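The numbering of the sequence shown is full-length UniProt numbering, which starts it at 1 and goes up by one. Don't be surprised by glycine CBs; every beta carbon is placed ideally from N, CA and C. Everything numeric in this text was worked out from a predicted model, so none of it was measured. Here's the structure we're looking at; comments come further down.
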Amino acid sequence: MSKYMIHLFTSNYFHLDKSLQEKIYKEFHVMVYPTIYFILQDHNLVEDIIQESFLRAIDKAPQLKETEKYEGWLKKLTRNVTLNYLQKHKRNRNELDSEITLTLRETAPAYEAGSTPLEKEVELKIMQEAINHYVNQLSPAYRQILAMKVVHNMSYKEMAEEMNVTEGVIRQRLYRAREAIRQMLLEEWDFLR
């Protein structure tokens, strides 16, 4: 977190000069925009959520005393404002883009033995973001099946009943969805070959 963002927590925002206020807002915007856009997929709506989140942060931030938790707190606040919006407006997204996370164990082999823990962590984060990006490129049917399995932890039988298809069809769609993600990973990540 930059020295500008720290002012959000250590000063009265409204008493800061206008240029510093703008820098703080721009940094906040850059920090939270990708996450909110990933959930909503609507630029105008994202801008509204960012503004509301920022106003709440200004109101609540001076109460937070632990400096190492500032960034996490801001991100959590923004995520909660976004989810509250979705709940309030009953915006049911069939794709469930924001909820889908795949474990790398399903799609990638173990890391090379020579990697340091920090390198592994960075690589894992980058790959996880790539996987989420790839999931968004899948058809809605594949995204739905992945969400049912990964997010909701449904059995093949439960999934088949809900979708009015056989368990075999569920297995086939799930395999194809995972395989599509694996192929996209193979194209981009050399060490998987």
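Positions of the alpha helix (DSSP H) runs, each at least 4 residues long and wholly inside the segment 5-73, are given as 18-40 and 43-60 in order along the chain.
Residue state for THR166 is assigned as coil, using DSSP reduced to three classes. For THR78 and LYS157, the gap between their C-alpha atoms comes out near 36 Å. Within the model, the alpha-carbon separation for ALA147 versus TYR13 is close to 41 Å. If you check the CB distance, TYR142 and ARG173 come in under 8 Å.
Residue THR10 holds the alpha-carbon nearest to the alpha-carbon of LYS65 among ILE58, THR10 and ILE49. In this model, LYS149 and SER155 are separated by some 7 Å (Cα to Cα). Between the alpha carbons of LYS23 and LEU16 lies a gap of roughly 11 Å. Counting C-beta atoms within 10 angstroms of its own C-beta, VAL32 has 16 or more neighbours from the protein chains shown and is therefore classed as buried.
Per DSSP, the continuous alpha helix (DSSP H) segment holding LEU146 begins and ends at 140-146.
Rounded to whole angstroms, the gap between the alpha carbons of GLU27 and GLU162 is 44 Å.
Between the alpha carbons of GLU187 and SER19 lies a distance of about 44 Å.
Taking the C-beta atoms as reference points, TYR37 is found no nearer than 8 Å to VAL30.
The Cβ atoms of THR82 and LEU55 do not sit closer than 8 Å to each other.
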